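Numbering (the numbering used here), first residue to last: 87 to 274.
Right, here's the structure in full:
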């Protein structure tokens, strides 16, 4: 695992040092990106080791990921990210269960030579979470497409194991777009 390969303490200290240097150099966007990346790493290394995490922590992780992607992609991609609902601190979710669907949209929905869009909507109503991710299909390398299948299989298996009869997943895979609609019951 990543945690076993890299000393997290070293990474956090290094990111902190780079952050300090960015502030000193008056590069606030770099400093902000470092903070987001550091928070994501902390979530993966620490929070994601637990079977359940607060929905708030998971949404902050997703927000940081999406903001870093938005910064990387610039104006070339129409990107919308909306969250609605009451994010009660007592509601829990399996860590990193949503990110593969969002990563998939960025991996397969972006091509600098084509107009692209990604739409991500998360709604929480009582103890139910709904994730809808839609992206335009763009021409991608076959090799990248083949690699993604294994990650999605693992995610689908995690859903079956962690949310038996407590989730619904619908995938609409057409010639021009890819849409996933995931509904799952949150733990409290």
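A virtual CB, placed ideally from N, CA and C, is assigned to each residue, including glycine. Given the structure is predicted, the values throughout are model-derived calculations rather than measurements.
| task | Compare the beta carbon distance of residue 253 and residue 223 with 9 Å and say whether it is the shorter of the two. | result | no
| field | Supposed contact pair residue 155 and residue 192 - C-beta distance, whole angstroms, cut 8 Å | value | The pair is a contact, with the Cβ atoms about 5 Å apart (cut-off 8 Å).
| query | Is DSSP giving residue 237 helix, strand or coil here? | reply | helix
| message | Using 8 Å for Cβ pairs, my map puts residue 123 next to residue 148. What's the rounded Cβ distance? | response | About 14 Å separates the two Cβ atoms, so there is no contact after all.
| request: Give the secondary structure of residue 194 by DSSP, where H, G and I count as helix, E and B as strand, and everything else as coil. | output: helix
| Just to confirm, are residue 203 and residue 139 a CB contact at a threshold of 9 Å? | Taking 9 Å as the cut-off, the beta carbon of residue 203 is found no closer than this to the beta carbon of residue 139.
| task | Name the two residues that bound the continuous beta strand (DSSP E) containing residue 205. | result | 202 to 211
| Do you know offhand how far residue 268's Cα is from residue 111's? | 43 Å
| query | Is it true that the CB of residue 272 sits closer than 9 Å to the CB of residue 213? | reply | In contact: residue 213 and residue 272 (Cβ atoms closer than 9 Å).
| query | Which word fits residue 161, buried or exposed, when buried means at least 16 other C-beta atoms lie within 10 angstroms of its C-beta? | reply | Burial is judged here by how many other beta carbons sit within 10 angstroms of a residue's own beta carbon; residue 161 has fewer than 16 and is exposed.
| message | Let me confirm a value: residue 257 is counted as buried when at least 16 other C-beta atoms fall within 10 Å, else exposed. Which label applies? | response | exposed
| message | At the level of alpha carbons, what is the spacing between residue 211 and residue 107? | response | 43 Å
| request: Just grab the DSSP bridge partners of residue 267 for me. | output: 218 and 256
| task | Per DSSP, which residues does residue 139 bridge with? Please list them. | result | 179
| task | Taking only the alpha-carbon atoms, compute the straight-line gap between residue 181 and residue 165 and give it to the nearest angstrom. | result | 24 Å
| request: Just confirm the distance between the C-beta atoms of residue 177 and residue 274, as a whole number of angstroms; I'd bet it's less than 8 Å. | output: 6 Å
| said: Within 10 Å of its beta-carbon, does residue 230 have 16 or more other beta-carbons around it, so buried, or fewer, so exposed? | reply: For residue 230, the pLDDT reaches just 49, beneath the cut-off of 50, and the residue's location in the model is therefore unreliable, although a value from the coordinates is still provided. Result: exposed.
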